[in-house]
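Protein sequence lines correspond, in order, to chains A and B.
With my numbering applied, the first sequence corresponds to residues 431 to 544, in that order.
With my numbering applied, the second sequence corresponds to residues 29 to 155, in that order.
One structure is given here, and the rest of the page talks about it.
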Amino acid sequence: MNVTLNAWWLQRMSAMVLTLCVAVHLATMIWVVHGGLRAADVIARLHGNLAWGAFYAVFVIAASVHVPVGLRRIADEWLNWRDAWAGRASVIIGTALALAGLRAVYALVAGTPA
Amino acid sequence: MSKRHRAVMPGRKLDFRARNHPAWWAFLVHRVSGLALAFFLPAHFWALGTALHGAAPFDSFLAVTRAPGFVFAEWGLVTLLAAHLIGGVRVLLIEFRPWSGLRKDLIAATAGGAFVIGMAFALSLTL
Numbered sequence: 431m432n433v434t435l436n437a438w439w440l441q442r443m444s445a446m447v448l449t450l451c452v453a454v455h456l457a458t459m460i461w462v463v464h465g466g467l468r469a470a471d472v473i474a475r476l477h478g479n480l481a482w483g484a485f486y487a488v489f490v491i492a493a494s495v496h497v498p499v500g501l502r503r504i505a506d507e508w509l510n511w512r513d514a515w516a517g518r519a520s521v522i523i524g525t526a527l528a529l530a531g532l533r534a535v536y537a538l539v540a541g542t543p544a
Numbered sequence: 029m030s031k032r033h034r035a036v037m038p039g040r041k042l043d044f045r046a047r048n049h050p051a052w053w054a055f056l057v058h059r060v061s062g063l064a065l066a067f068f069l070p071a072h073f074w075a076l077g078t079a080l081h082g083a084a085p086f087d088s089f090l091a092v093t094r095a096p097g098f099v100f101a102e103w104g105l106v107t108l109l110a111a112h113l114i115g116g117v118r119v120l121l122i123e124f125r126p127w128s129g130l131r132k133d134l135i136a137a138t139a140g141g142a143f144v145i146g147m148a149f150a151l152s153l154t155l
């Protein structure tokens, strides 16, 4: 499969997953900031909760696929950066985002309890 | 022709007339919001990662985010996220559904929806 087409397809598939994740995330944010955001409340909501853990893990993976493709298009169109290193950089960014995001999910779901 | 201008026809340049229409502004909002969110994500993940060592370090970070500048930036990011979501749904509908055209109704929905979600977030904030 053509690499560009592959990236295009990955970005659209991840976008479809993100549509649901972001809608839930926006609703959750509006809900939890009411009354002030406290760490203990966030950890109490998420600690040991595998359903939220799975949701955020899927969210992180979808975002880690989606973001590098978009950044690579911007690098191509606005910075004229389109050599092999542009592709490698986008893979590195995606991997780093996935690791940092999954670490955050782990911290909230399985870290020190509140 | 240099590599820099590969997409431009010889002797022709895209000026503002090619850009000053709703679909171009929709493209720009989608791109700029995506870029802003991409830069925000590492900071977001780092901040949430502080919870690895319990509520205290996480709370000391949250205390910093209660500064007015942070709250304003947060509201901006929520609005941009909503715009990227609804604008993205517009792109998916154009690409995957048998709908053609620029779908200016969906551009209006993006602007209106992002405004409403941003305001809902702002009104929900307890300062």
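Just so you know, even glycine gets a beta-carbon here, dropped at the ideal spot from N, CA and C.
C-beta neighbour in chain A for residue i, strict 8 Å
i        : result
Arg47/B  : no
Leu153/B : yes
Phe149/B : yes
Asp87/B  : yes
Met29/B  : Any answer about Met29/B is weak, because its pLDDT of 41 lies below 50 and its placement is not dependable; what the coordinates show is given next. No, its Cβ sits nowhere closer than 8 Å to a Cβ of chain A.
His59/B  : Reading off the sequence, residue 59/B comes out as Arg, not His. Yes, Arg59/B lies at the interface with chain A (some Cβ there is under 8 Å from its Cβ).
Ile145/B : yes
Met70/B  : Residue identity check: residue 70/B is Pro in the sequence provided, not Met. Yes, its Cβ sits closer than 8 Å to a Cβ of chain A.
Leu121/B : no
Gly140/B : no
Leu56/B  : no
Gly62/B  : yes
Gly115/B : no
Val106/B : yes
Ala110/B : yes
Leu76/B  : yes
Ala137/B : no
Ala79/B  : yes
Range of the contiguous alpha helix (DSSP H) that encloses residue i
i        : result
Tyr495/A : For clarity, residue 495/A is Val in the given sequence; the question names Tyr instead. 480 to 509 is the extent of the alpha helix (DSSP H) around Val495/A.
Ser128/B : Looking at the DSSP string, Ser128/B is not in any alpha helix (DSSP H), and its letter there is neither H nor E.
Leu531/A : Checking the sequence, you will find Gly at residue 531/A rather than Leu. Run containing Gly531/A: 514 to 540, per the alpha helix (DSSP H) assignment.
Ala469/A : 469 to 476
Backbone secondary structure at residue i - three-state DSSP
i        : result
Thr449/A : helix
His72/B  : helix
Leu63/B  : helix
Arg47/B  : coil
Val463/A : coil
Trp439/A : helix
Closer than 8 Å to chain B by CB, residue i
i        : result
Gly465/A : yes
Ile473/A : yes
Leu440/A : no
Leu538/A : yes
Thr525/A : no
Ala519/A : no
Gly483/A : no
Ile522/A : no
Met459/A : yes
Burial state of residue i (16 or more Cβ within 10 Å)
i        : result
Thr107/B : buried
Pro498/A : buried
Ser128/B : exposed
Arg94/B  : exposed
Ile145/B : buried
Ser494/A : buried
Leu113/B : buried
Arg125/B : exposed
Met459/A : buried
Leu155/B : exposed
His58/B  : buried
Ala387/A : With chain A represented from 431 up to 544, any question about residue 387/A goes unanswered, as that position is not in the structure.
Ala84/B  : exposed
Leu527/A : buried
Gly116/B : buried
Residue ranges of each alpha helix (DSSP H) run of no fewer than 4 residues wholly in the region 75 to 155 of chain B, ordered along the chain?
You should have 83 to 92, 96 to 124, 132 to 152.
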